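The numbering of the sequence shown is our numbering, which starts it at 5 and goes up by one. Note that the Cβ used here is the ideal one computed from N, Cα and C, for glycine as well. None of the values given here were measured: they were computed from a predicted structure.
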Amino acid sequence: MSSSLDRRPAPAGDAPRPAAVRRRTRVLALPEARWAAASLALFLLALPPYLLDGPGWLWGPLFAAAYATGGWEPGLEGLRALRERTLDVDLLMVVAALGAAAIGQVLDGALLIVIFATSGALEAVATARTEDSVRGLLDLAPATATRLRADGSEETVEAGLLAVGDTVLVRPGERIGADGTVVGGASEVDQATITGEPLPVAREAGDEVFAGTVNGTGVLRVRVGRDPEDSVIARIVRMVEEASRTKAPTQLFVEKVEQRYALGMVAATLAVFAVPLALGDELTPALLRAMTFMIVASPCAVVLSTMPPLLSAIANAGRHGVLAKSAVVMERLGRVDAVALDKTGTLTEGTPRLTDVVPLPAPSPTGEEERVYGSDPDGRPESAADGPPRGGAGSDADRLLRLAASAEHGSEHPLARAIVGAALERGLVLSPAEAFAATPGRGVAATVDGHRIEVGAPARLLPDGARPGPARELEEAGKTVVAVVLDGRPAGLLAVADRLRPGAAGTVAALTRLTGRAPALLTGDNERAARHVAERVGITDVRAGLLPGEKAAVVREWEAAGRRVLVVGDGVNDAPALAAAHCGVAMGRTGSDLALETADAVVVRDELAAVPAVVALSRAAHRLVVQNLVIAGAFIAVLVAWDLIGTLPLPLGVAGHEGSTVLVGLNGLRLLREAAWPRPPFSPGRRER
Numbered sequence: 005m006s007s008s009l010d011r012r013p014a015p016a017g018d019a020p021r022p023a024a025v026r027r028r029t030r031v032l033a034l035p036e037a038r039w040a041a042a043s044l045a046l047f048l049l050a051l052p053p054y055l056l057d058g059p060g061w062l063w064g065p066l067f068a069a070a071y072a073t074g075g076w077e078p079g080l081e082g083l084r085a086l087r088e089r090t091l092d093v094d095l096l097m098v099v100a101a102l103g104a105a106a107i108g109q110v111l112d113g114a115l116l117i118v119i120f121a122t123s124g125a126l127e128a129v130a131t132a133r134t135e136d137s138v139r140g141l142l143d144l145a146p147a148t149a150t151r152l153r154a155d156g157s158e159e160t161v162e163a164g165l166l167a168v169g170d171t172v173l174v175r176p177g178e179r180i181g182a183d184g185t186v187v188g189g190a191s192e193v194d195q196a197t198i199t200g201e202p203l204p205v206a207r208e209a210g211d212e213v214f215a216g217t218v219n220g221t222g223v224l225r226v227r228v229g230r231d232p233e234d235s236v237i238a239r240i241v242r243m244v245e246e247a248s249r250t251k252a253p254t255q256l257f258v259e260k261v262e263q264r265y266a267l268g269m270v271a272a273t274l275a276v277f278a279v280p281l282a283l284g285d286e287l288t289p290a291l292l293r294a295m296t297f298m299i300v301a302s303p304c305a306v307v308l309s310t311m312p313p314l315l316s317a318i319a320n321a322g323r324h325g326v327l328a329k330s331a332v333v334m335e336r337l338g339r340v341d342a343v344a345l346d347k348t349g350t351l352t353e354g355t356p357r358l359t360d361v362v363p364l365p366a367p368s369p370t371g372e373e374e375r376v377y378g379s380d381p382d383g384r385p386e387s388a389a390d391g392p393p394r395g396g397a398g399s400d401a402d403r404l405l406r407l408a409a410s411a412e413h414g415s416e417h418p419l420a421r422a423i424v425g426a427a428l429e430r431g432l433v434l435s436p437a438e439a440f441a442a443t444p445g446r447g448v449a450a451t452v453d454g455h456r457i458e459v460g461a462p463a464r465l466l467p468d469g470a471r472p473g474p475a476r477e478l479e480e481a482g483k484t485v486v487a488v489v490l491d492g493r494p495a496g497l498l499a500v501a502d503r504l505r506p507g508a509a510g511t512v513a514a515l516t517r518l519t520g521r522a523p524a525l526l527t528g529d530n531e532r533a534a535r536h537v538a539e540r541v542g543i544t545d546v547r548a549g550l551l552p553g554e555k556a557a558v559v560r561e562w563e564a565a566g567r568r569v570l571v572v573g574d575g576v577n578d579a580p581a582l583a584a585a586h587c588g589v590a591m592g593r594t595g596s597d598l599a600l601e602t603a604d605a606v607v608v609r610d611e612l613a614a615v616p617a618v619v620a621l622s623r624a625a626h627r628l629v630v631q632n633l634v635i636a637g638a639f640i641a642v643l644v645a646w647d648l649i650g651t652l653p654l655p656l657g658v659a660g661h662e663g664s665t666v667l668v669g670l671n672g673l674r675l676l677r678e679a680a681w682p683r684p685p686f687s688p689g690r691r692e693r
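Below is the structure:
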């Protein structure tokens with residue numbers, strides 16, 4: 005649902021404003037990332053001499069520096085939390101790492117520090133990128149607008165100073181400065197950023213327009229209907245920010261678990277140290293038993309129980325063109341039980357293409373119908389969707405398309421680009437167009453090879469607005485119909501539509517099997533086009549004509565009913581729904597910047613079949629996480645019981661602790677295999693018609 009217009013430079017009408025430059029926070033600009041990188045580098049430098057039994061003066065300072073760079077920030081935050089009478093696992097891990105170093109297990113402690121520092125850095129990067137994209141959304145609205153005074157003169161003002169009732173002038177190519185109603189002029193407006201409609205829509209007096217949308221070739225006078233802070237674009241920003249802040253309710257549960265585990269482990273370690281002393285044990289054995297307890301009770305294996313399967317799944321998905329932004333995202337993908345799909349740019353390619361060339365018969369001087377670029381020799385309309393038209397390059401359909409494309413060659417309208425592109429794909433040679441003229445809402449006219457050619461809306465070009473039978477049939481099929489008039493006579497019809505992505509129907513079927521219910525279609529496009537696409541892919545729940553806030557409201561309603569909703573979209577207007585959903589996936593190639601940053605995962609290659617595949621992969625990762633937690637829990641329980649009931653030798657405790665860590669790590673790495681990527685039960689190269 006993004007538009008190529010979204011990425012054009014600022015038009016001339018916005019001259020007072022320099023071209024917007026999207027600023028992204030650099031990774032190393034974040035202190036968490038710098039400290040984590042330093043800790044990891046020092047750890048890797050210390051590892052070879054330590055494993056090769058090198059001198060302590062060589063690896064000791066490097067490990068100490070790794071402890072300091074990676075652990076000072078979580079340690080400081082933990083001390084601040086301790087001042088507020090709370091205890092978190094980060095502080096506990098720092099203490100455990102220092103305890104491990106105190107009894108000679110320097111490597112174990114350093115590994116703990118590196119893992120937690122890296123995790124904190126990834127979280128900081130994700131947060132910063134989301135904030136960048138939300139700020140960048142405001143660049144869609146122009147900084148200035150041309151306001152008309154009561155005497156008809158013009159003045160340039162900041163768009164934020166416009167008030168309800170002001171009238172603004174919007175020239176061709178400019179972005180509209182405020183939500184309002186057209187009071188004069190006619191044009192076509194690209195509203196893809198707001199409604200997701202793949203083609204510009206005609207706007208004239210009485211029609212509503214939105215801030216940030218792009219005016220076409222006409223001039224509009226718009227009466228402001230909303231304050232700038234209440235515009236649709238501004239509301240999208242607020243909705244994304246609010247939904248992002250409230251997106252992870254599981255964080256509260258995790259914090260409670262961390263608090264209880266941390267308190268329990270600290271209390272248990274102190275008890276293991278103090279009780280033997282109270283019973284007459286010597287200091288060194290009591291301290292050794294307590295340190296052994298801290299090592300074997302350390303959640304290293306528990307941490308690695310979750311990360312290797314999820315990180316392996318992330319790596320495997322990345323190889324197949326799906327970028328999951330964090331391990332939490334990969335875990336959440338497998339828990340979805342409902343799916344909402346956008347239409348334009350998600351189920352469809354998002355680019356209008358010529359699908360049908362239908363020459364029309366015209367009455368001859370004798371009263372009989374003759375073919376004026378009429379049907380094929382058998383009387384059937386010729387369709388571009390069915391391959392090259394019958395009759396070869398010299399067929400009536402090719403001549404009709406060549407004349408229309410020659411007339412449209414000077415237009416920048418998306419329909420014109422589709423017609424010209426189809427003609428060039430067929431190898432047709434276009435003729436120069438003379439006396440070219442474009443009229444908003446009507447079409448274009450030009451002289452080609454001595455003939456006057458008009459191309460535009462059938463209701464405007466055909467006599468009395470009459471539409472022939474083929475036009476009605478094509479429109480009922482969800483296509484946009486263009487009439488071609490040759491020297492005042494109807495010569496034919498061209499149909500343009502947005503084609504389905506490869507494997508769209510198979511993807512819907514696969515998602516239905518995974519979640520137990522058919523996906524829903526949420527789109528800002530019109531009901532007829534939405535229903536047509538839904539029928540072709542097997543969707544029955546269709547919500548059409550939705551603005552961004554309405555999409556998000558539908559998702560929140562489902563979430564409130566207990567569903568875990570996966571939203572798949574690509575445009576700015578999908579961002580609030582992506583943020584409000586349990587999990588959001590954006591189509592990468594056509595996706596807007598905001599959708600890509602707001603979404604939890606991105607399908608980089610635009611392969612729709614990858615969506616059910618990554619959901620199935622996430623579920624496989626979840627199964628491995630459960631297996632690993634059982635293994636890690638069993639090892640910790642046995643070793644802790646041994647240390648408390650008997651006397652667990654420190655080397656055996658370390659071997660058991662590290663052995664469980666290695667075991668769960670290797671088990672999680674199974675998802676790195678190529679065979680772990682789920683294969684769809686349909687051909688990814690197949691195209692549904």
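query                                                                                                   : result
Helix, strand or coil at E416 [DSSP, three-state]                                                       : coil
Beta-carbon proximity check, G325 vs E611, cutoff 7 Å                                                   : yes
Beta-carbon proximity list for V486, same chain, < 8 Å, skipping 5 on both sides                        : A408, L419, I423, G447, V459, G460, A461, P462, L497, L498, A499, V500
Test item: CB-CB of S410 and L434 under 7 Å                                                             : yes
Same chain, Cβ closer than 6 Å to A545, five either side skipped, listed in chain order                 : Here the sequence assigns Asp to residue 545, which means Ala is not the residue at that position. Around D545: A524.
Three-state secondary structure assigned by DSSP to P682                                                : coil
Best match in E159, G164, T73 for proximity to A121 [C-alpha to C-alpha]                                : T73
Check whether A508 and L337 have beta carbons under 7 Å apart                                           : no
F297 - DSSP class collapsed to helix/strand/coil                                                        : helix
7 Å Cβ cutoff met for V551 and L526                                                                     : Per the sequence shown, the amino acid found at residue 551 is Leu instead of Val. Cβ atoms of L551 and L526: not closer than 7 Å.
Which of helix, strand or coil DSSP assigns to D453                                                     : coil
Three-state secondary structure (DSSP) of R207                                                          : strand
Delimiting residues of the beta strand (DSSP E) encompassing V488                                       : 484-490
Residues near A680 in its chain [Cβ-Cβ closer than 6 Å; skip 5 each side]                               : N320
Alpha-carbon spacing of L315 relative to A331, whole angstroms                                          : 6 Å
7 Å Cβ cutoff met for G229 and T185                                                                     : yes
Exposure of D647, with buried meaning 16 or more beta-carbon neighbours within 10 Å                     : buried
Burial state of G396, where buried means 16 or more other Cβ atoms lie within 10 Å                      : For G396, the pLDDT reaches just 37, beneath the cut-off of 50, and the residue's location in the model is therefore unreliable, leaving the point undetermined.
Which listed residue (R560, K483, T519) has its alpha carbon closest to that of N530                    : K483
Buried versus exposed call for V512 [16 or more other C-beta atoms within 10 Å across all chains shown] : buried
Minimum C-alpha distance to P474 - residue among D360, A50, V452                                        : D360
Given P365 as reference, the closest of G528, W562, V488 once Cα atoms are compared                     : V488
Cβ contact check for the stretch 339-359 and the stretch 532-543: 3 or more pairs under 8 Å             : yes
Reference A481; option with closest CA among A533, A147, A85, I299                                      : A533
The stretch 47-67 contacting the stretch 80-87, beta-carbon criterion three pairs below 8 Å             : no
Pair within 7 Å by beta-carbon distance, V589 and V615                                                  : yes
Opposing strand residues paired with G188 [DSSP bridges]                                                : R225
CA-to-CA distance, A215 to V168, given in whole angstroms                                               : 13 Å
Beta carbon of L194 nearer than 7 Å to that of P204                                                     : In the sequence on display, residue 194 carries Asp and not Leu. Contact flag set, yes.
Counterpart residues of A605 in DSSP-defined beta bridges                                               : A328, V589
Beta-bridge partners of L3, as assigned by DSSP                                                         : Examination of residue 3 is not possible in this model, given that the chain is present from 5 through 693 alone.
Cβ-based burial, R521 [other Cβ within 10 Å; buried from 16]                                            : exposed
CA-to-CA distance, P472 to L3, given in whole angstroms                                                 : One cannot answer for residue 3 here, as it falls past the ends of the chain, which runs 5 to 693.
Close Cβ partners of S415 (< 7 Å) along its chain, the five nearest in sequence each way excluded       : A442, V448
Same chain only: Cβ atoms within 7 Å of E162, ignoring 5 sequence neighbours per side                   : A147, T148
Span of the beta strand (DSSP E) around V343                                                            : 342-345
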